[in-house]
Structures are given as C-alpha cells and as structure tokens.
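Student:
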Amino acid sequence: LEMEKASQQLEGIYTIKTILTKVNLDDNSEFIKLGSLIITNQANYFLAISVGEIKIENKVYYAISPSSPIGSLLLGKRVGEGFIFNGNSIVIDEVC
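Each residue of the sequence shown is one higher than the last, beginning at 7 in our numbering.
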C-alpha cells in the first residue's frame, strides 16, 4: 500500500514537471495561454499548475491549472474580454 502511494506521488511529480517545462515565460502573446499572468477586475492568476494562493510584494495571485474551472474559462481570452464565473462578472485587464 505504501509503495503504491509513493508511486502515485512520484507520477504526480513527473506530471507537474512536464507541465512546468512547457511554460514559456518569454512569449508575450496577447492571448491567455499556459504560463500567462492574468490580471482581472476580481483577482490575479498565474496559469500553470494548481498550487493555490501565492503572495508576492503584498499582491495575491492564484496559481491555477488550465483544466480548472476558471482556468478553462480564461484560456484563449485576451485583454478586454470577460465572462461570468460563479455569478461574478470577470473582465481581463492585463495579460503578461
């Protein structure tokens, strides 16, 4: 049982590593993609892997996966576009 658990954890680590190697922080696309930093009127997001809340210089960012509910809504959008999520109107202000 412990070996199976360790094997699953290792598999998860390899999956995360594979995803992170695909993140290109130098590509300044106007469209939201893997590796984008997204500033909205509601919150700030980093689209890569789901690790939750991150605080940098007193600003809060949420590291989310493209397959998460909000990640899938953000993917492919650009500045000025918006959508409804959990009853909230979200507008994309900036994509880095």
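For every residue, glycine included, the Cβ atom is placed at its ideal position computed from N, Cα and C. Quantities reported herein were computed from a predicted structural model and do not represent experimental measurements.
How many Å lie between Leu40 and Ala54 at the Cα?
Tutor: Sequence index remark: in the sequence shown, residue 40 carries index 34 (1-based). Sequence index remark: in the sequence shown, residue 54 carries index 48 (1-based). For Leu40 and Ala54, the distance between alpha carbons rounds to 5 angstroms.
Student: Based on the DSSP secondary-structure assignment, which residues constitute the bridge partners of Val97?
Tutor: If you number the sequence shown from 1, residue 97 lands on position 91. According to DSSP, Val97 bridges with Gly88.
Student: By alpha-carbon positions, which one of Asn94, Val85, Phe89 and Asn92 ends up nearest to Glu100?
Tutor: Here residue 100 corresponds to residue number 94 of the sequence shown, with the count starting at 1. Selected option, being the one with the closest Cα: Val85.
Student: Between Lys83, Leu80, Phe52 and Ile60, which lies nearest to Ile70 when the distance is taken from Cα to Cα?
Tutor: Here the question's residue 70 lines up with position 64 in the sequence shown. Among Lys83, Leu80, Phe52 and Ile60, the Cα nearest to that of Ile70 belongs to Phe52.
Student: Let me make sure I understand the geometry here. Which of Lys11, Lys83, Leu43 and Leu7 has the alpha-carbon closest to that of Cys102?
Tutor: The residue labelled residue 102 in the question sits at position 96 within the sequence shown. The option with the nearest alpha carbon to Cys102 is Leu43.
Student: Rounding to the nearest angstrom, what Cα-Cα distance links Gln48 and Phe89 in this structure?
Tutor: By one-based count along the sequence shown, residue 48 stands at place 42. By one-based count along the sequence shown, residue 89 stands at place 83. About 12 angstroms.
Student: Give every residue of the same chain whose Cβ lies closer than 6 angstroms to the Cβ of Glu36, excluding the five residues on either side of it in the sequence, and list them in chain order.
Tutor: Numbered from its first residue, the sequence shown carries residue 36 at position 30. The answer, listed in chain order, is Arg84.
Student: Between which two residues does the alpha helix (DSSP H) harbouring Ile76 extend?
Tutor: Along the sequence shown, read from residue 1 onward, the residue named residue 76 stands at position 70. Per DSSP, Ile76 belongs to the alpha helix (DSSP H) from Pro75 to Leu80.
Student: Give me the Cα-Cα distance between Ala12 and Val57, rounded to the nearest whole angstrom.
Tutor: As a first step, residue 12 is located in the sequence shown; it is residue number 6 there, counting from the start. As a first step, residue 57 is located in the sequence shown; it is residue number 51 there, counting from the start. Taking the straight line joining both Cα atoms gives about 20 angstroms.
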